[in-house]
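Okay, so here's the structure we're looking at.
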Amino acid sequence: MSNSSVEEALNVFDLRQMAKARLPKWLFEFVDRGTEDEVALRNNRAAFERIKLKTQVLVDVSTRNQDTTLFGKQHKMPIGIAPTGPAGMLWYKGELELARAAKAAGIPFTLATGSQTSMEEVAKVVGGTLWFQLYMWSDVRMSHMLVERAKNAGFEALVVTVDGPVGTNREYNIRNGYTVPFSYNRKNTTAVMVKPGWFFSVLMRYWLTTGMPRRENYPTEMKERFTHVSSAERKTKNDSLGWTDLKVLRDMWPGKLLVKGILTPKDAALAIAHGADGIIVSNHGGRNFDSSMAPIEALAPIVDAVGDRTTVIIDSGFRRGSDVVKALAIGAKLVMVGRATLWGTTVGGEAGAARALDFYRQEISRTLAYLGCRSVAELNRDCLEFVGTPHVAAAM
Ligand SMILES: Cc1cc2nc3c(=O)[nH]c(=O)nc-3n(C[C@H](O)[C@H](O)[C@H](O)COP(=O)(O)O)c2cc1C
Numbered sequence: 038m039s040n041s042s043v044e045e046a047l048n049v050f051d052l053r054q055m056a057k058a059r060l061p062k063w064l065f066e067f068v069d070r071g072t073e074d075e076v077a078l079r080n081n082r083a084a085f086e087r088i089k090l091k092t093q094v095l096v097d098v099s100t101r102n103q104d105t106t107l108f109g110k111q112h113k114m115p116i117g118i119a120p121t122g123p124a125g126m127l128w129y130k131g132e133l134e135l136a137r138a139a140k141a142a143g144i145p146f147t148l149a150t151g152s153q154t155s156m157e158e159v160a161k162v163v164g165g166t167l168w169f170q171l172y173m174w175s176d177v178r179m180s181h182m183l184v185e186r187a188k189n190a191g192f193e194a195l196v197v198t199v200d201g202p203v204g205t206n207r208e209y210n211i212r213n214g215y216t217v218p219f220s221y222n223r224k225n226t227t228a229v230m231v232k233p234g235w236f237f238s239v240l241m242r243y244w245l246t247t248g249m250p251r252r253e254n255y256p257t258e259m260k261e262r263f264t265h266v267s268s269a270e271r272k273t274k275n276d277s278l279g280w281t282d283l284k285v286l287r288d289m290w291p292g293k294l295l296v297k298g299i300l301t302p303k304d305a306a307l308a309i310a311h312g313a314d315g316i317i318v319s320n321h322g323g324r325n326f327d328s329s330m331a332p333i334e335a336l337a338p339i340v341d342a343v344g345d346r347t348t349v350i351i352d353s354g355f356r357r358g359s360d361v362v363k364a365l366a367i368g369a370k371l372v373m374v375g376r377a378t379l380w381g382t383t384v385g386g387e388a389g390a391a392r393a394l395d396f397y398r399q400e401i402s403r404t405l406a407y408l409g410c411r412s413v414a415e416l417n418r419d420c421l422e423f424v425g426t427p428h429v430a431a432a433m
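Here it is in structure tokens:
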């Protein structure tokens, strides 16, 4: 799809529709959908509608900026790109495109453990503010090897994702014939045949260069051992992890250490006690546990408990600049986005991801103007007008 179609999109939902037209059904749904009955996915969005913002009129807001300081470093927007496994399946080496868009926008990019482009390549080819997301596998030593590599490649932060002790129940993957790792079957092959644009520009390009796309960060030993779904899950999931495992990472990792997937003040405090520099309040975009709270609902009590001791970041369901402003007003320092920039990457590589980031930039700017604020630093809970979300209301 050409960049002109990217320009035709007016918001991230348009990018989503374009991505839907381009991708095989199993791949689009893998990116787009939640888990089980998708209650968490819907609630992530619905929760924003229950929070209103207070306008302020006749304030000179002709100069507005979104500069955001995080861990002593300045970024141009209060946004970061969240780690997502399949960017390289949506666009040839899509991780490079995402990293480029983040660098150009002056924001952090987080590379996922399961990406199709290696951390060394992303660091060498693009650079910018790079964070590495780590999954703790059943063979923890293998995960520790990734930590060493991320350190040597110059990644600034390690994002340890802790919200998946066991595999999730995404029934649509099974119905669509989608397996991790990928294997061919009638359903998923038919879906590819009706999307030749994706087939030729992504899959074929890998075949002609490096072969079938693989999870390039995985140690060779793991890549080879990955033969079927159950063995993949046994190796990549670890239901026996504890806080001491985080402490071990703290001792290994000299940069910033962030814990992703926190939803309660108690876990936030434990993360800090075990050495975290920041936490990411997240329910994995509603993809893992269908009865989880929306992070925006969980945010206020967490900020109240630990906000003066740590950096609180949030993700899940942010589609509009006003969503971002609501989280900042409650007390988050940064919002991460997952699907929005993936949809953008699908339709236009770097230009598509940049377009998604542009929407957030414009919408945040417009929202600031309505609130009578000149910078994101001016946002606070006085900006929240009506809050129908019990946890947020209680914190007012
Ligand atoms: C397709 C997809 C793959 C993801 N893969 C990972 C991953 O490998 N590691 C991780 O920590 N989070 C992963 N996430 C979760 C994101 O980091 C983030 O929490 C989520 O996408 C935020 O919600 P949003 O998509 O509504 O913005 C993934 C999300 C999506 C949509």
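In terms of the working numbering, the sequence shown opens at residue 38 and continues consecutively. Beta carbons: idealized from backbone N, C-alpha and C, even for Gly.
In chain order, Ala391 place their CB closer than 7 angstroms to the CB of Ala141, counting only its own chain and leaving out the 5 sequence neighbours on each side. A contact between stretches requires three or more CB pairs, one per stretch, nearer than 8 angstroms, and the stretch 160-170 fails this requirement with the stretch 408-420. Scanning Arg82, Arg59, Met114, Pro202 for the CA closest to the CA of Leu405 turns up Met114. Taking the CA atoms as reference points, Gly358 sits about 43 angstroms from Glu258.
Excluding sequence positions up to five before and after Thr121, its CB lies within less than 7 angstroms of the CB of Ala149, Gly375, Leu379, all in the same chain and listed in chain order.
Taking 7 angstroms as the cut-off, the C-beta of Arg403 does not count as close to any heavy atom of ligand 1. Under the three-state reduction of DSSP, Val203 is assigned to coil, being neither helix nor strand. By the beta-carbon neighbour count (other beta carbons within 10 angstroms, threshold 16), Gly151 is buried.
Judged by DSSP secondary structure, Thr378 falls within the alpha helix (DSSP H) whose first and last residues are 376-408.
Under the three-pair Cβ rule at 8 angstroms, the stretch 190-205 counts as touching the stretch 291-303. The DSSP-derived three-state label of Thr348 is strand. Taken through DSSP and simplified to helix, strand or coil, Lys272 comes out as helix. For Trp244, the enclosing alpha helix (DSSP H) stretches over residues 241-246. When DSSP states are grouped into helix, strand and coil, Trp168 belongs to the strand group.
Taking the Cβ atoms as the reference, Ala190 lies roughly 5 angstroms from Met156, within the contact range of under 8 angstroms. Minimum Cα-Cα distance from Asp288 among the listed residues Tyr407, His311, Lys303 corresponds to His311. Runs of the beta strand (DSSP E) lying entirely within the stretch 131-158 and spanning at least 3 residues, in chain order: 146-148. Within 7 angstroms of the C-beta of Ala228 there is not a single heavy atom belonging to ligand 1. If you check the CB distance, Leu60 and Trp235 come in under 8 angstroms. In the structure shown, Met55 adopts helical secondary structure according to DSSP, grouped into three states.
For Pro120, the distance from the CB to the nearest heavy atom of ligand 1 is below 7 angstroms. Rounded to the nearest angstrom, the gap between the Cα atoms of Gly279 and Leu64 is 33 angstroms. Gln111 is bridged by DSSP to Thr106. Using a C-beta cut-off of 8 angstroms, the stretch 382-391 makes no contact with the stretch 350-366, since fewer than three inter-stretch Cβ pairs fall below that distance. Relative to the non-hydrogen atoms of ligand 1, the Cβ of Asp314 never comes closer than 7 angstroms to any of them. For Ala194, the enclosing beta strand (DSSP E) stretches over residues 194-198. For Phe67, the enclosing alpha helix (DSSP H) stretches over residues 62-69. Residue pairing of Met373 in beta bridges, as defined by DSSP: Gly117, Asp352. Distance from the C-beta of His321 to the nearest heavy atom of ligand 1 is below 7 angstroms.
Scanning Gly125, Gln103, Met55, Glu334 for the CA closest to the CA of Gly143 turns up Gln103.
C-alpha of Gln93 to C-alpha of Gln170: approximately 39 angstroms in a straight line. Taking 8 angstroms as the cut-off, the Cβ atoms of Met126 and Gln153 count as close. Of Glu422, Glu185, Ala377, Gly204, the smallest CA-CA separation from Thr273 is found for Gly204.
Contact check for Asn320 against Leu300 passes: the beta carbons are separated by less than 8 angstroms. In the three-state scheme derived from DSSP, where H, G and I count as helix and E and B as strand, Leu183 is classed as helix.
DSSP places Glu86 in the uninterrupted alpha helix (DSSP H) bounded by 76-86.
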